[in-house]
Amino acid sequence: MRRNLAARLGVWSAHHRKAAILGWLVFVVLATVIGGAVGTVTASDEEMGVGDSGRAAEILKDAGIDEPAGELVMVGARTADGWRDAAADLSKALDATGEVRGLKAPLPSEDGKDALLRFAIKGPSDEAGDRVQPVLDAVDKARQDGAGRGISVHQFGDASSEKELSDLLADDLKKAEFTAVPLALGILLIAFGAVVAALLPVGLALTACVAAFGLLSLASHQLHLFETTYSVMFLMGLAVGVDYCLFYLRRERDERAAGRDAETALRIAAATSGRAVLVSGLTVMVAMAGMFLSGLLLFKGFAVATILVVCVAMLGSVTVLPALLAGLGDRIDAGRIPFLNRRAKKGVHASGGLAGKVLRPVLARPKFFAVGAAVLLLSLAAPALGMKTEQLGLEKQFGSDAPLSVAYQKITDVFPGGPAPARVVVKADDIGARPVRDALDSLTRKAGDGAELTVHKASGVAEIAVPLPGTGTDAEAKKALHQLRDDTVPAAFEGMDVEAYVGGDLASSEDFGDQLGRGIVPVFAFITAVTFLLMLFCFRSVVIAVTSIALNLLSVGAAYGVMTAVFQHGWGAELIGSEKVGAIENWMPLFVLVVLFGLSMDYHVFVVSRIRESRDRGMDNRAAIREGITRTAGAVTGAAVIMVAVFAVFGTLSMQDMQQMGVGLGVAVLLDATVVRMLLLPSLMTLLGERNWHTPRYLRWLPKISHEEAEPTARPHAHNSPVPSGR
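Oh and the sequence shown: position 155 is 154 in numbering that gives the first Met the number 0, straight run, nothing missing.
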């Protein structure tokens, strides 16, 4: 029999162990060193923009106008005007830092008990986060000095929030690394009962992540990245890297336990699990490529990051892993842990005992369990019917108790719309022409108190900062923004040859959401079509391809429902240290959809390939289902537990979007590996019977891919026994 690509890669690596291992190490070191040398380029606010807000930002960028990083500090007192001395002292301290420009006189509140200091950080806006620390120190000192005199001090702004966000992301990524890796290692120790066998998948996954980090740094010079991209890459890399190695290693150990000699066991693992890794890895990468169709830079960065890390992890699993297994031989079981390695000591194949017990009633009453599992998943998905999405502001991202969130709320309560005004950007050939200038002045007056007009005559550009009512992000602010965009601005410049767009934080959020709404249809169409075609090509069955998509959609729907219940409605949010925020981060549904469509292929291809393998050996449909699921139960369970554990770590991080991502993906994988793979898949395949494997006449031109490995010709061990039948 002609070996498939995975088998050829595995056999070559096993016979050229030094070359495979050394080549991997050189690749990882080179990628890391080169990536570190060139550095990472992050996306600017202008690049992240879309729609009218993106065009407004582009006008400013083309004109060389760098919007300064503005800061607001509110000084409050118990009595009217009681803030004056503290505000004067703080103003002097801010000037003394040498990092402040444009400091304005204190703006009193309506009741006179509070005053707002407004200023900007010197230097380019993209460096403000690195320069704001002296300002933060001065404000903190004023806060401490005024505490005993009834003076309160709150700060919020572009630079302070950027620094807080960067620090939180760095801390969260470090926490994820130091928590997820030991968790994965602990789970593998329990699964394999040996230190070396547990270290191997974790080590390969980590080296794959390190190499992918370096490659992503190189890629960032062509496609600028968002700050959360590295967290997403680590999340995906550790999860799939460990899973791919686990599938491969588990099959090799199962074959050894069944009596195969080392070379034959490795060859079978390469031809079967190795092939499943290639198919699932390719499926994940192609699914991730669908994010390019979103039209958003954020998703393009996610796509590049996940494709890179999955590709590296996949290649490592089918090349360096078989080389390491061949080199280690029986030493793979070195460092055996008492009570956790009984199966290895007994030398018998015991995988799938629990799975077999679960499957008996499922296969006996397939209609009951198919309906029950579908009803359960649909019930979990029900809250998603009322899902609301929005671009969560920093005050929601950090949590309501975070100092920055408290400061934001205090400032917006006293000075509505202050932290996030809308910005009208106007470009004209002659910005100083009388009609244009009259329109700008009229628009500024109509915008009300607090509106500020800035004219850049040399660039032919003008800006008007327009405070928004309410909190600056609520329904009242959105209504005012739409009125400004649809009526006020067009009316002000009617008949004039000018470009006028409305930007700002809220406008950017609204435009981002609109683009997401337009982008989700082509992305969904792409990943469903690709999944269908790959499964069709792999199994030559329309039924398998269609049911694969249906099962994926049920898992995604259940994940959406749980996310909505926890984060939008607050059901059980306190159990994970989170809180009700009233909405889901607007990019999360699309991201979860794409990732889960990719990740679910790990289990689906692995399980269905094993079922098809049993079918190719002559078993009937029901027996093949029992054999395939029981034989893969151990690997699927171990892989799912690791994925859920890794995602759960992200569910406990500080950032609200990371929490939502961790919970959504963790719940979906848990349901996918239990309800879907153990109940719905076997019951549905049992009901469909031989239709699972029917190839329509018009598709018989598809190449037939073997899902089994030829019987070994190598001399077996003395204690060899046939492969268990799966009873």
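Yeah, the Cβ is synthetic: ideal placement off N, Cα and C, and Gly gets one too.
Given the structure is predicted, the values throughout are model-derived calculations rather than measurements.
Measure the beta-carbon distance from A30 to A269 and round it to whole angstroms, keeping in mind my assumption that it falls under 8 Å.
Not really, about 25 Å apart at Cβ, beyond 8 Å.
Starting from the N-terminal side, write out each stretch of the beta strand (DSSP E) that is 3 residues or longer and does not extend beyond the region 198-286.
none
What does the Cβ neighbour count give for S52, buried or exposed, with the cut at 16 atoms within 10 Å?
Answer is buried; the Cβ neighbour count reaches 16.
Could you say which of L116, A257, L182 lies nearest to E70 if we only look at CA atoms?
L116
Measure the alpha-carbon distance for A175 versus L182 and round it to whole angstroms.
In a straight line, the C-alpha of A175 is about 10 Å away from that of L182.
How would you write the range of the alpha helix (DSSP H) that L435 sits in, first residue to last?
It is Val, not Leu, that sits at residue 435 in the sequence shown. Start and end: 433-446.
According to DSSP, simplified to helix, strand and coil, what is E584?
strand
Decide if the region 649-660 is in contact with the region 629-641; the criterion is three or more beta carbon pairs, one per stretch, under 8 Å apart.
When Cβ pairs closer than 8 Å are counted between the two stretches, the region 649-660 is seen not to touch the region 629-641, the count staying below three.
May I ask you to list the residues that DSSP assigns as paired with H455?
Looking at the DSSP output, H455 sits in a beta bridge with V460.
Using a Cβ-Cβ cutoff of less than 7 Å, which residues in the same chain neighbour K456 once the five nearest sequence positions on both sides are dropped?
Within the same chain, Cβ atoms closer than 7 Å to the Cβ of K456 are found at I430, G431, the five residues on either side in sequence being excluded.
For a test of the three-state rule: what should DSSP assign to V74, helix, strand or coil?
strand
Have a look at I186 and L535 and give me their C-alpha separation to the nearest angstrom.
For I186 and L535, the distance between alpha carbons rounds to 34 Å.
Hey, how far is the Cα of S404 from the Cα of T178?
27 Å
Exposed or buried, which one is K17 when buried takes at least 16 other CB atoms within 10 Å?
A residue is called buried when at least 16 other Cβ atoms come within 10 angstroms of its Cβ; K17 does not meet this threshold and is exposed.
What first and last residue would you give for the alpha helix (DSSP H) that runs through R7?
4-14
Which class does A18 belong to by DSSP, given the choice of helix, strand or coil?
In this structure, DSSP gives A18 a helical state, which the three-state scheme calls helix.
For I610, is the classification buried or exposed, using 16 other Cβ atoms within 10 angstroms of its Cβ as the cut-off for buried?
buried
At the level of alpha carbons, what is the spacing between A218 and A506?
29 Å
Identify the continuous beta strand (DSSP E) that holds A426 and give its terminal residues.
The sequence shown places Lys at residue 426, rather than the Ala named in the question. Annotation: the continuous beta strand (DSSP E) that includes K426 extends over 421-427.
Using the C-alpha atoms, what's the distance from M660 back to V591?
7 Å
Using the DSSP secondary-structure output, state which residues sit across from R130 in a beta bridge.
Partner(s): none; R130 has no beta bridge.
What are the boundary residues of the beta strand (DSSP E) that D113 is part of?
113-120
Let me check understanding here. Comparing Cα to Cα, which of A524, P107, L164 lies closest to K395?
L164
Output the distance between the C-alpha atoms of H14 and T527, rounded to the nearest integer angstrom.
Between the alpha carbons of H14 and T527 lies a distance of about 39 Å.
Which value, in whole angstroms, describes the spacing of the CA atoms of M618 and F523?
Cα-Cα distance, rounded: 36 Å.
From which residue to which residue does the alpha helix (DSSP H) around Y407 run?
Start and end: 402-413.
Per DSSP, Y500 forms a beta bridge with which residues?
V424
Using a threshold of 8 Å, state whether the C-beta atoms of G758 and A383 are closer than that.
It is not possible to answer for residue 758, since the shown part of the chain is limited to 0 through 726.
State the DSSP-derived secondary structure class of F492, mapped to helix, strand or coil.
Look at F492 here: in three-state DSSP terms it is coil, with no helix or strand label.
Check each candidate in G300, E612, L172, A322 and name the one with the smallest Cα separation from A42.
G300
I'd like the list of long-range same chain contacts for I641, defined as Cβ closer than 6 Å, with 5 residues on each side in sequence excluded.
A183, I186, V241
In the structure shown, what three-state DSSP assignment does H693 receive?
Reduced to three states, the DSSP call for H693 is coil.
If you follow the beta strand (DSSP E) that V152 is part of, which residue opens it and which one closes it?
151-156
Apply the 10 Å Cβ neighbour rule to K426 and answer buried if 16 or more other Cβ atoms are within range, or exposed otherwise.
buried
Take the Cβ of F367 as the centre, count every other Cβ of all protein chains shown within 10 Å, and call the residue buried at 16 or more, exposed below.
exposed
Candidates D113, L59, D88, T96: which alpha carbon is nearest T78's?
D113
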